[in-house]
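Residue 6 in numbering that gives the first Met the number 0 sits at position 7 of the sequence shown, with consecutive numbering throughout. Working notes for the structure below.
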Amino acid sequence: MSCANLVRRPHTPLFSSTTIPGRTTLTHFYDLYVSILGRCIESKSLKEAKTVHQHLLKNSNDNPIVLDKLTRLYISLNELEVARRVFDEIPNPERKNNVILWNQLIRAYAWKGLFGRAIDLYYEMVESGVIPNKYTYPFVLKACSGLQAVEDGKMVHDQARRNGLVSDAYISTALVDFYAKYAGRGVIP
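The structure is reproduced here in structure tokens:
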């Protein structure tokens, strides 16, 4: 069964009420949506992704876990503008604590050649208090190389140094690649 067919059941609620003597509990279907979105990621079908997204919008689903998975779905489909809009809907505490999702979006921008957006998102990430990890820097340095943004690259290098990550093999390789492009121009620190 396709991921879109899983949500086509009429009036599928986001939660149901179960009455227990003396109290009412809500049973959430967030796990179902996360599972459906996982199937959509596997199927790589934009049409099905849009169907599921429409269903989520109709049911005003603002669960951060579901929005995270929806962002990942659009990243996997290379629909970066939509991915960014969904990413921006994730409430700040959850988004702030999710360096992996930030990295995925930065990487997607860098791979697609949207270097300026990758760098801007990196700065937004840092300004919002998210601490970059060893997977962040190679993609940002790739974007800096692509834009020939030497000063940004130096600042990224300095941030990696302050975080004690310049000895990581991936970061070191990205730094060598970045600075090699500027050899003989007095750029190397």
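Backbone N, C-alpha and C fix where the C-beta goes; we use that ideal spot for every residue, glycine too.
Item: For I74 and T24, the rounded distance between their alpha carbons; Value: Its pLDDT being 34, under 50, T24 is placed unreliably in this model, and the value from its coordinates should be taken loosely. Between T24 and I74, the C-alpha separation is close to 35 Å.
Item: Per-residue burial, V175 [other beta carbons within 10 Å of its own, 16 or more giving buried]; Value: exposed
Item: Where E78 falls: helix, strand or coil (DSSP); Value: coil
Item: L113 - DSSP class collapsed to helix/strand/coil; Value: coil
Item: The alpha helix (DSSP H) enclosing S171, as first and last residue numbers; Value: 168 to 179
Item: Backbone secondary structure at V129 - three-state DSSP; Value: coil
Item: Assumed close pair Y181, V149 - CB separation to whole angstroms, cut-off 8 Å; Value: 6 Å
Item: Whole-angstrom distance between L69 and K141, CA atom to CA atom; Value: 26 Å
Item: Pairwise C-alpha distance: R84 and P137; Value: 24 Å
Item: Whether L72 touches A48 by CB criterion (8 Å); Value: yes
Item: Reduced DSSP secondary structure (H/G/I, E/B, other) of T24; Value: Note that T24 has pLDDT 34, beneath the 50 cutoff, so the model's placement of it is unreliable and the number below is only indicative. The answer is strand: DSSP assigns T24 an E or B state.
Item: Spatial distance of G145 from F114 (CA atoms); Value: 6 Å
Item: Continuous alpha helix (DSSP H) stretch holding G145: start and end; Value: 135 to 146
Item: Cut-off 6 Å between Cβ atoms - residues of its own chain near A107, not counting five sequence neighbours on either side; Value: I74, L79
Item: G163 - containing alpha helix (DSSP H), residue span; Value: No alpha helix (DSSP H) contains G163, which DSSP labels as neither H nor E.
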